[in-house]
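Below is one structure, written out as structure tokens, with a few remarks after it.
Number of protein chains: 2
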Amino acid sequence: MTEDVRIAEIAALVGDPTRVNILAALMGGRALTASELVYAAGVSPQTTSGHLAKLADGRLIACVKQGRHRYYRIATPRVAEMLEGIMAVAVDAPARHRPRSKLDDAMSNARTCYDHFAGKLGVGLTDVLATRGHIVLADEGGEVTESGAAFFGKFGVDLAAAHSRRRIFCRPCLDWTERRPHLGGSVGAALAQRCFDLGWLERARDSRALSITKAGQRGLSETFGLSL
Amino acid sequence: MTEDVRIAEIAALVGDPTRVNILAALMGGRALTASELVYAAGVSPQTTSGHLAKLADGRLIACVKQGRHRYYRIATPRVAEMLEGIMAVAVDAPARHRPRSKLDDAMSNARTCYDHFAGKLGVGLTDVLATRGHIVLADEGGEVTESGAAFFGKFGVDLAAAHSRRRIFCRPCLDWTERRPHLGGSVGAALAQRCFDLGWLERARDSRALSITKAGQRGLSETFGLSL
DNA sequence: TTGAAACTACGGTCGTGGCCGAAGCATCCC
DNA sequence: GGGATGCTTCGGCCACGACCGTAGTTTCAA
Chain H
1 MTEDVRIAEI AALVGDPTRV NILAALMGGR ALTASELVYA AGVSPQTTSG HLAKLADGRL
61 IACVKQGRHR YYRIATPRVA EMLEGIMAVA VDAPARHRPR SKLDDAMSNA RTCYDHFAGK
121 LGVGLTDVLA TRGHIVLADE GGEVTESGAA FFGKFGVDLA AAHSRRRIFC RPCLDWTERR
181 PHLGGSVGAA LAQRCFDLGW LERARDSRAL SITKAGQRGL SETFGLSL
Chain G
1001 MTEDVRIAEI AALVGDPTRV NILAALMGGR ALTASELVYA AGVSPQTTSG HLAKLADGRL
1061 IACVKQGRHR YYRIATPRVA EMLEGIMAVA VDAPARHRPR SKLDDAMSNA RTCYDHFAGK
1121 LGVGLTDVLA TRGHIVLADE GGEVTESGAA FFGKFGVDLA AAHSRRRIFC RPCLDWTERR
1181 PHLGGSVGAA LAQRCFDLGW LERARDSRAL SITKAGQRGL SETFGLSL
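Heads up: the protein sequence lines correspond to chains H and G, in order.
Taking this note's numbering, the leading residue of the first sequence gets 1, the next gets one more, and so forth.
Taking this note's numbering, the leading residue of the second sequence gets 1001, the next gets one more, and so forth.
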């Protein structure tokens, strides 16, 4: 059963704390240079380089050269989903000895999760959309309703571009700070992109955290009734 | 970031070929004794016992004592989903040196994938249901249509029991032999259960493979137009 | 009570792999 | 060209963990 070996290889790649640091940083959705990842990994440049080579060899991350920089990113959405799946299991495992690390407020407030929003922002948006009947979420999937399609259209999110099919599904993604699902998948990605385009949010320099701009404060309040 | 460590712990548990053998065996959906898992693992009883203890400690598997036997099973559906996610990544990684192991025909023909069908049977059923408009599948999710709900009802699958909500979603699960999605989630599980109840399929003794009974041949042909 | 089966705990061996220091390419800037 | 920056390769050290042999505990049957 040689498939099993391949599965173990993939899992073993994720099974190292240093590499998880790297992958977690890349789950911010941006491509990062090796130097930036050295910081995220918390080990020497040589060691980081070795880890990056392993991850790239296993096709978990991809690399593009640009001048003397090398930008690394999560290879495919499927890899991102796999990581989300592992996180979901890691989160709902009982306390053990997790001293509830007080990760900074910005991070738990708003951050990116590969290509969509997470944290209080992500969960808040999802709640509002569900309450207003724009989306329907269940454990295994979700769907954008007719009113939702209209709303997204008016908001400037082009769902048709993301989906050639008639029905628009969306994937719930378990939030590891809020421990509740938030909107993921292509719909979540499109929504996030639109918010960036509107200038409502800005990425922090060395973190997955997001800062909400003045325009964002106003926009989120007016459009979604959210104040963060 | 102590969450990262927990993620690495989980992944590291899956990152050992022997433990993958064990988990893969348990992905058949049945609870198995330690002895049976010794066979699946391919190592000594002592070593297997150690692995089982680690997996149980990490909450990936659960154990119930019954007489002098200990039955192990996948702990939660979420763990099963995580494993499916890892498999999906392992599968779509390019060839490398995978000598296309000719796993026995029975296995690729019909097998269980945690709680639903996979292999030619799983993919075939899914195709038929989709073609007839009983389900709609997309990359990120799926849904049972009205005609589908009627069909399942007539077939004896009680979808209402599985879902209190109005809409019935279903999860596509990437098949690692067929490399195409098959019907997973609660709908897939309910469908599989009904087929077992009808006596259409029987589990093999020491494998995830399924054998199709005479009644199953007839039933699958009449109801779904499938001949395997 | 004796024996067998199922399973686990302990102790020791050994290989894999993470880590860093030193050194080597590649690219950019002055 | 010279030097700095970005990143990788090489070599050696060390620890973690997978493995098995031996031995122990629990459960069942006779």
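Cβ coordinates follow ideal geometry from the N, Cα and C atoms, glycine included.
- Assignment of beta-bridge partners to residue 116 of chain H by DSSP yields H/113.
- Residue pairing from DSSP places residue 69 of chain H in a beta bridge opposite H/66.
- The CB of residue 1078 of chain G comes closer than 7 Å to the CB of 88, 89, 92 in chain H, given here in chain order.
- Here residue 1211 of chain G is bridged, per DSSP, to G/1202.
- Restricting attention to G/1012, G/1023, G/1143, G/1210, the CA atom closest to the CA of residue 1084 of chain G is found in G/1023.
- When the alpha-carbon of residue 228 of chain H is set against those of H/208, H/201, H/207, the nearest one is in H/201.
- In this chain, residue 1143 of chain G is not harboured by any alpha helix (DSSP H); it is covered by the beta strand (DSSP E) spanning 1142 to 1144.
- For residue 7 of chain H, at least one C-beta of chain G is nearer than 7 Å to its own C-beta.
- Under DSSP, the beta-bridge partners assigned to residue 169 of chain H are H/143.
- Counting along the chain, residue 134 of chain H sits inside no alpha helix (DSSP H), nor does DSSP assign it H or E at all.
- When 9 Å is used as the limit between beta carbons, residue 1016 of chain G is near these residues of chain H: 8, 11, 12, 15, in chain order.
- Secondary structure at residue 223 of chain H: helix, using DSSP grouped into helix, strand and coil.
- At a cut-off of 7 Å between beta-carbon atoms, residue 152 of chain H makes no contact with chain G.
- Here the alpha carbons of residue 1203 of chain G and residue 1038 of chain G stand approximately 19 Å from one another.
- Contact check for residue 1072 of chain G against residue 1013 of chain G fails: the beta carbons are separated by 7 Å or more.
- In chain order, 140, 141 make up the part of chain H whose C-beta sits under 7 Å from the C-beta of residue 1171 of chain G.
- Of G/1132, G/1188, G/1180, the smallest CA-CA separation from residue 1158 of chain G is found for G/1188.
- When rounded, the separation of the alpha-carbon atoms in residue 125 of chain H and residue 1224 of chain G is 42 Å.
- Judged by DSSP secondary structure, residue 183 of chain H falls within the beta strand (DSSP E) whose first and last residues are 181 to 183.
- Going by DSSP, residue 1085 of chain G is part of the alpha helix (DSSP H) stretching over 1077 to 1092.
- Contact of residue 1027 of chain G with chain H by beta-carbon distance below 9 Å is absent, the smallest such distance being about 11 Å.
- For residue 228 of chain H, the three-state secondary structure derived from DSSP is coil.
- Taking 7 Å as the CB threshold, residue 1081 of chain G lines the interface with chain H.
- Residue 131 of chain H counts as exposed, since fewer than 16 other C-beta atoms from the protein chains shown sit within 10 angstroms of its C-beta.
- Where residue 1043 of chain G is concerned, there is no enclosing alpha helix (DSSP H), because DSSP gives it neither an H nor an E.
- Taking a cut-off of 8 Å for Cβ pairs, the segment 212 to 219 of chain H and the segment 142 to 151 of chain H do not touch, as fewer than three such pairs fall below it.
- Selection G/1175, G/1221, G/1184 evaluated against residue 1091 of chain G yields G/1175 as nearest (Cα-Cα).
- A distance below 7 Å between beta-carbons, with the five flanking residues on each side excluded, links residue 75 of chain H to the following residues of its chain, in chain order: 59, 60, 61, 62.
- Across the structure, residue 209 of chain H and residue 77 of chain H are spaced so that their CA atoms are roughly 20 Å apart.
- Per DSSP, the unbroken alpha helix (DSSP H) holding residue 19 of chain H starts and ends at 17 to 26.
- For residue 159 of chain H, the secondary structure class from DSSP, reduced to helix, strand or coil, is helix.
- In this structure, DSSP gives residue 1060 of chain G a state outside helix and strand, which the three-state scheme calls coil.
- For the pair residue 172 of chain H and residue 129 of chain H, the CB atoms are not nearer than the 7 Å cut-off.
- Look at residue 1185 of chain G: its C-beta is under 7 Å from a C-beta on chain H.
- Among the residues of chain G, those whose CB is under 7 Å from the CB of residue 85 of chain H are 1081, 1082, 1085, following chain order.
- By the 16-neighbour rule on beta-carbons within 10 angstroms, residue 44 of chain H is exposed.
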